[in-house]
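Enquirer:
There are 2 protein chains.
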Amino acid sequence: MAFKFQVNLDVKFNHNAVFLKKADKYKPKIIYHQLSAKQLIKLTKDETKLDGVGVSNAGSVNELKSKKFGKDDNFLIDIGQHCVGKFQIHIDHVGSPMDAPLTLKIRFAEMPNEFKYNSKDYNGWLSKSWMQEELIHVDNLPVDLKLPRRYSFRYVEIRVVDTSPKWSVKFSDPRVISQSAVNKVQIPKSKFDDNELDKIYETGVNTLHDCMQDVFEDGPKRDRRLWLGDLRLQALANYASFNNTNLVKRCLYLFAGMTAEDGRISANVFTNNKYIPDDTFMYDYGLFFISTLDDLLKHEFNQEILDDLYPIAKKQWDYDQKFISDDGKVITDKDYITFVDWSQDFDKNTSAQAITIFVLKQLIDLAGMAEDSEKLKYENQLNKLVNYAENKLFDHKKGLFISGPNKEINVASQVWMVLAHVLDNEQNHALMKKTQTELFPIKGIATPYMYHHVTQALFEAGFREAGIKLMKEYWGKMISLGADTYWEAFEPEHPNFSPYGNAMVNSFCHAWSCTPVWLLNKYLN
Amino acid sequence: MAFKFQVNLDVKFNHNAVFLKKADKYKPKIIYHQLSAKQLIKLTKDETKLDGVGVSNAGSVNELKSKKFGKDDNFLIDIGQHCVGKFQIHIDHVGSPMDAPLTLKIRFAEMPNEFKYNSKDYNGWLSKSWMQEELIHVDNLPVDLKLPRRYSFRYVEIRVVDTSPKWSVKFSDPRVISQSAVNKVQIPKSKFDDNELDKIYETGVNTLHDCMQDVFEDGPKRDRRLWLGDLRLQALANYASFNNTNLVKRCLYLFAGMTAEDGRISANVFTNNKYIPDDTFMYDYGLFFISTLDDLLKHEFNQEILDDLYPIAKKQWDYDQKFISDDGKVITDKDYITFVDWSQDFDKNTSAQAITIFVLKQLIDLAGMAEDSEKLKYENQLNKLVNYAENKLFDHKKGLFISGPNKEINVASQVWMVLAHVLDNEQNHALMKKTQTELFPIKGIATPYMYHHVTQALFEAGFREAGIKLMKEYWGKMISLGADTYWEAFEPEHPNFSPYGNAMVNSFCHAWSCTPVWLLNKYLN
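Residue numbers (full-length UniProt numbering), protein chains in the order written: chain A, 1 to 525; chain B, 1 to 525.
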């Protein structure tokens, strides 16, 4: 997740010390592994790969120590897998005594095409500071250079800016201390009797693994933080794989421990230094606290968490009442946007209506668990919301939901209405059939986040084969383009598109894209 | 000192553990001071300053913390004096939570004109790695940023490469932990009844102070190491000021502990990491071991040092015999160059003859101290060298020394012959008179190292006023151009000249330039 900037410096936040202490209690013990680099590589022109950049073997890592590097020389290392961690390499000098410092430029890349770009040409809206590159001066050799910062990468470029004319450098033993809150070896190999699906599943597991750190990070390369809507999907994929429920509990307590005084839950929180809630709020992301809590308690019931967090969920719902009219219409607000997808090019009113229904059903489920007398009130409101959707938003003639003042028909509205089960199963099937006939192939959706919901809607509406086909066309396509982990953004009709104008700040390992792990387990097992 | 590169990988070195242990024994305890930055500055166009760059006040350091800095903003700090040490600054963020790392580019400069240049345009023969600039990523704020490397500087530029659109940074409390082997407070204020000379003296003391570290460094910004010819002058200036003789002893033991097996003493040694002799050798620099040892023992006699190091001095002299013919002619060799000065544009044969005589007189002095029976042999050889100089190199008609096959007449030959006292005092006076009439104003000499010898020759030959005048014209000119410490290179007729094509790698605090400290004490007190 990364979204247009909001600045709301006037918002006041609660800090619930008890909840934040519980968040600490569930803090994971990070697991470290040492990975030796796999091979040296060179970039190749390969139109079958992302951005036309492939790689080929350029020698074994053992050969490295017999090579000498001087001013402007460079080489590329392939760790052999995407990883999150700290990089180390041994460096010595060859020739006359070291009469000047060594200067290196080191770049880390998740995908080979990142090396096509130069950070100084970047002029996008995201901070340049995300570029994973360092200028390093080494005053004394030999050294075991251990870079102190954490990177998300598979490939490393080392460029010698300068030595001196009297000596060269040689490198050896490049390695990574990789890290995660979870251990991949605990996951059984997938067995879907379909190599493509097995690979799609494993790539999802790798993505989730690398994003599970001190919290569920959205992307370990960029943003590196806990977003609520992303958490919902990560938690589901996690239940279907690592099943580390403590990390989900930690994250829910972090959101619950730092709500705005008016009841809103931040779209994301920062945890790197102190715990800090972001001043960014989104209608759907706030609601997904309710959804994530309900998913957790259905997966593993816990009375203490229900007692603690259900009141927080209710407060968020209470806050949202000003956006729901008496006749059950959700009124969207430009200052409290409904995200749905990155695209700003489609109308999101009906999606917001459907998401509200989707979440309210989960709130009612929680109310049942909590034996809350307000359950009936929620059920009455649900009826109004559903009635409004059926009567005012469903175009019976067209057999599709319309959205907004211009009665726009778009994929997201249909998909979220299916997921919210506003219609019955038969009608949902017809709706998704119509959606496929009239709105496929999908255009203008750039996030796996939205593709996830489309795919799930196909499964929910009984289109198992179409769900598998879309999964292969979308997530399978990333793999064939070279993905080791799934990307934050991918628009199959424009595979090289970067939302930031430079692949160097793309996040090529982004947790909201890992959901085939959950979809395959839920709908194919 | 920094000179054309030699690579002599085949040379074998002795490592005398006893001598190197004695070098350790004399290792100084470094003295640290905390300096708060003096003011904020901006660059001004000022043709009276070096390279046309002056500075003016841009506010107090206290104002800094009320300023906000975002992407591409920068500011300049003036520490208030040249110093060698580590830089620190406090950084916090203002605005929304810190949703991206902070990236800073930090540049350190000894002189304001360095900021005119960009490291990426540098294409000189010295290593780019000497550029004092860092690209720093800060993942969490607030931070007391303490840069781990040592710099030599007075000015600091901090440029914000990026924050994010949601927040800015503010800085406070820029400071330096400066370091030296000696303490400036121990030096009495100079009293030459001449403000210009007082200033020349103090600037020399500052230069020497900043170069006295773990060894006598040539320049703390660039090269940062112990050169033998530079040591000779630093030691003399040190006797006249800080009088830290232990540091001289340490340096002599370092050279003596790592001689080539054939007896040659390296032109410089590395001490930052392990003790390593450089594979660079120069005829005059090797001889100056003898000179520096004799200067030390005349200043402060020490039997142990005489016993240890006189044999090393003799071995260097023995090695040099192959370059002295039976009739007393020094035969220069392109593989064992005589430095004299950076310029390669004048003939150095007669300078080499004079330096050999100059040093042999000091060897004879040492032989006397050591009661060495070979003293007589040395005296006989001295006669031959002097006779050759008088008979073959002095042009009686012109009253000047000639040099080389083309009988070139240059300043260096006259100056070194005066310093070697080949002629009697009256003849020396006449020689320097002629030198001033015919060869002044000096052209084509770019180092204070050579200007030192010219100035000393004027004093030695009785031209006290001319010596003072040259000192004011040369060292005084650096001060009027903005020097806080004296420069490695300065050619008054081309003040902006950089031997490296970019002021960023110029060393503006270079110990071989500090010699007015000694000259003023010796000839004016």
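Ideal placement from N, C-alpha and C gives every residue a C-beta, glycine not left out.
(1) Tell me, which residues are paired with B/Lys395 by DSSP?
(2) In this structure, does DSSP put A/Glu157 in helix, strand or coil?
(3) Reducing DSSP to helix, strand and coil, say where A/Thr259 ends up.
(4) What do you reckon, are the CB atoms on B/Asp223 and B/Ala181 nearer than 9 Å?
(5) According to DSSP, simplified to helix, strand and coil, what is A/Asp73?
(6) So which residues of chain B does A/Leu419 contact, with C-beta pairs closer than 8 Å?
(7) Establish whether the CB of B/Arg149 and some CB of chain A are separated by less than 9 Å.
(8) Please check if any C-beta of chain B sits within less than 9 Å of the C-beta of A/Ile276.
(9) Counting only beta-carbon separations shorter than 9 Å, does B/Glu134 have a partner in chain A?
(10) Mind checking whether B/Leu208 and B/Ala483 have CB atoms under 9 Å apart?
(11) Starting from the beta carbon of A/Leu9, find every residue of chain B whose beta carbon is closer than 9 Å, and list them in chain order.
(12) Taking the alpha carbon of B/Leu470 as the reference point, which residue from B/Arg232, B/Pro492, B/Lys42 and B/Val330 has its own alpha carbon closest?
(13) Can you give me the start and stop residues for the beta strand (DSSP E) that B/Thr44 sits inside?
(14) Taking 8 Å as the threshold, find out whether the region 85-94 of chain A comes into contact with the region 455-475 of chain A through three or more Cβ pairs.
(15) Return no unless some Cβ of chain A is closer than 9 Å to the Cβ of B/Leu309.
(16) Is DSSP giving B/Phe19 helix, strand or coil here?
(17) Find the residues of chain A that neighbour B/Asp139, judging by a C-beta separation of less than 7 Å, and give them in chain order.
(18) What did DSSP end up calling B/Met471 once you bin it into helix, strand or coil?
(19) Hey, how far is the Cα of A/Leu393 from the Cα of A/Leu363?
(20) Name the chain B residues that come within less than 8 Å of A/Asp162, Cβ to Cβ?
(21) Hey, could you find the ends of the alpha helix (DSSP H) B/Val359 is sitting in?
(22) So, does the region 305-316 of chain A touch the region 405-421 of chain A, judging by three or more C-beta pairs under 8 Å?
(23) Given a limit of 8 Å on CB to CB distance, which residues of the region 99-117 of chain A reach chain B?
(24) Taking Cβ-Cβ distances below 8 Å as the criterion, which residues of the region 165-187 of chain B are in contact with chain A?
(25) Looking at the C-beta of B/Lys71, does it have a partner C-beta in chain A at a distance below 9 Å?
(26) Taking just the CA atoms, how far does A/Asn74 sit from A/Lys67?
(27) Can you give me the C-alpha to C-alpha distance between A/Asp307 and A/Leu376, rounded to a whole angstrom?
(28) Just checking: is the beta-carbon of A/Arg264 within a distance shorter than 9 Å of some beta-carbon in chain B?
(29) Can you tell me whether B/Ile290 is helix, strand or coil according to DSSP?
(30) Taking B/Ser241 and B/Val205 to be in contact with their CB atoms under 8 Å, please state how far apart those CB atoms are, rounded to whole angstroms.
(31) Is any beta-carbon of chain A found at less than 9 Å from that of B/Arg159?
(32) Tell me B/Cys83's beta-bridge partners as DSSP assigns them.
(33) Measuring CB atoms only, is the region 255-271 of chain A touching the region 225-245 of chain A, in the sense that at least three cross pairs come out at less than 8 Å?
(34) In the region 450-467 of chain A, which residues sit with their C-beta less than 9 Å from some C-beta in chain B, listed in chain order?
(35) With a threshold of 9 Å between beta carbons, is B/Asp230 in contact with chain A?
(36) Hey, would you say A/Asn502 sits closer than 9 Å to A/Asp121, going by beta carbons?
Expert: Quick answer:
(1) Numbered from 1 along the second sequence, position 395 holds the residue referred to as residue 395 of chain B. Per the sequence presented here, residue 395 of chain B reads as Asp, with Lys not at that position. Residue pairing by DSSP places B/Asp395 opposite B/Leu400 in a beta bridge.
(2) Locating residue 157 of chain A in the first sequence gives position 157, counting from the first residue. If DSSP states are grouped into helix, strand and coil, A/Glu157 belongs with the strands.
(3) As a working mapping, residue 259 of chain A is identified with position 259 in the first sequence. It is coil, neither helix nor strand.
(4) If you number the second sequence from 1, residue 223 of chain B lands on position 223. If you number the second sequence from 1, residue 181 of chain B lands on position 181. Against a cut-off of 9 Å, the Cβ pair of B/Ala181 and B/Asp223 comes out as no contact.
(5) Locating residue 73 of chain A in the first sequence gives position 73, where the first residue counts as 1. Note: A/Asp73 maps to coil in three-state DSSP.
(6) The residue labelled residue 419 of chain A in the question sits at position 419 within the first sequence. Correct list: empty, because the minimum Cβ distance to chain B is about 30 Å.
(7) Within the second sequence, numbered from 1, the residue matching residue 149 of chain B stands at position 149. Closer than 9 Å to some Cβ of chain A, the Cβ of B/Arg149 qualifies, so yes.
(8) Residue mapping note: residue 276 of chain A aligns to position 276 of the first sequence, counting from 1. So yes, A/Ile276 belongs to the interface.
(9) Working through the second sequence from its first residue, we reach residue 134 of chain B at position 134. Judged by the 9 Å Cβ criterion, B/Glu134 is in contact with chain A.
(10) As a working note, residue 208 of chain B is residue 208 in the second sequence. As a working note, residue 483 of chain B is residue 483 in the second sequence. Remark: C-beta atoms of B/Leu208 and B/Ala483 do not approach each other more closely than 9 Å.
(11) The count along the first sequence starts at 1 and reaches residue 9 of chain A at position 9. Gly95 and Ser96, listed in chain order.
(12) Here residue 470 of chain B corresponds to residue number 470 of the second sequence, with the count starting at 1. Nearest of B/Arg232, B/Pro492, B/Lys42 and B/Val330 to B/Leu470, Cα basis: B/Pro492.
(13) For the purposes of this step, residue 44 of chain B is identified with residue 44 of the second sequence, where counting begins at 1. That run of the beta strand (DSSP E) goes Gln39 to Lys45.
(14) no
(15) Counting from 1 along the second sequence, the entry for residue 309 of chain B is found at position 309. Chain A, which has no Cβ nearer than 9 Å to the Cβ of B/Leu309, makes this no.
(16) Counting from one through the second sequence, the residue named residue 19 of chain B turns up at place 19. It is helical.
(17) What you label residue 139 of chain B is simply residue 139 of the second sequence in a count that begins at 1. Per Cβ cutoff of 7 Å: Arg149 and Asn272.
(18) Counting from 1 along the second sequence, the entry for residue 471 of chain B is found at position 471. Helix.
(19) Here residue 393 of chain A refers to the residue found at position 393 when the first sequence is read from its first residue. Here residue 363 of chain A refers to the residue found at position 363 when the first sequence is read from its first residue. Cα to Cα, A/Leu393 sits roughly 23 Å from A/Leu363.
(20) Within the first sequence, numbered from 1, the residue matching residue 162 of chain A stands at position 162. Within chain B, the residues near A/Asp162 are Ser127, Lys128 and Ser129.
(21) As a working mapping, residue 359 of chain B is identified with position 359 in the second sequence. Segment Asn349 to Met369, the alpha helix (DSSP H) holding B/Val359.
(22) no
(23) Of all residues in the region 99-117 of chain A, Asp99, Ala100, Pro101, Leu102 and Thr103 have a Cβ within less than 8 Å of some Cβ in chain B.
(24) Pro165 and Lys166
(25) Translated into positions along the second sequence, residue 71 of chain B becomes position 71. Yes, its Cβ sits closer than 9 Å to a Cβ of chain A.
(26) Locating residue 67 of chain A in the first sequence gives position 67, counting from the first residue. Locating residue 74 of chain A in the first sequence gives position 74, counting from the first residue. The alpha-carbon atoms of A/Lys67 and A/Asn74 are separated by roughly 11 Å.
(27) Translated into positions along the first sequence, residue 307 of chain A becomes position 307. Translated into positions along the first sequence, residue 376 of chain A becomes position 376. Distance between the alpha carbons of A/Asp307 and A/Leu376: 19 Å.
(28) Reading the first sequence from its first residue, position 264 is the one you call residue 264 of chain A. Chain B contact via Cβ: absent.
(29) Position 290 of the second sequence, counting from 1, holds the residue named residue 290 of chain B. Helix at B/Ile290.
(30) As a first step, residue 241 of chain B must be located in the second sequence, where it is residue number 241. As a first step, residue 205 of chain B must be located in the second sequence, where it is residue number 205. Yes, they are in contact, since the Cβ atoms of B/Ser241 and B/Val205 sit about 6 Å apart, within 8 Å.
(31) As a working note, residue 159 of chain B is residue 159 in the second sequence. It does not: the Cβ of B/Arg159 has no partner Cβ on chain A nearer than 9 Å.
(32) The residue given as residue 83 of chain B occupies position 83 in the second sequence. DSSP output for B/Cys83 lists B/Phe153 as bridge partner(s).
(33) yes
(34) none
(35) Position 230 of the second sequence, counted from the first residue, corresponds to residue 230 of chain B. For B/Asp230, the answer is no, since every Cβ of chain A falls outside 9 Å of its Cβ.
(36) Position 502 of the first sequence, counted from the first residue, corresponds to residue 502 of chain A. Position 121 of the first sequence, counted from the first residue, corresponds to residue 121 of chain A. Closer than 9 Å, so yes.
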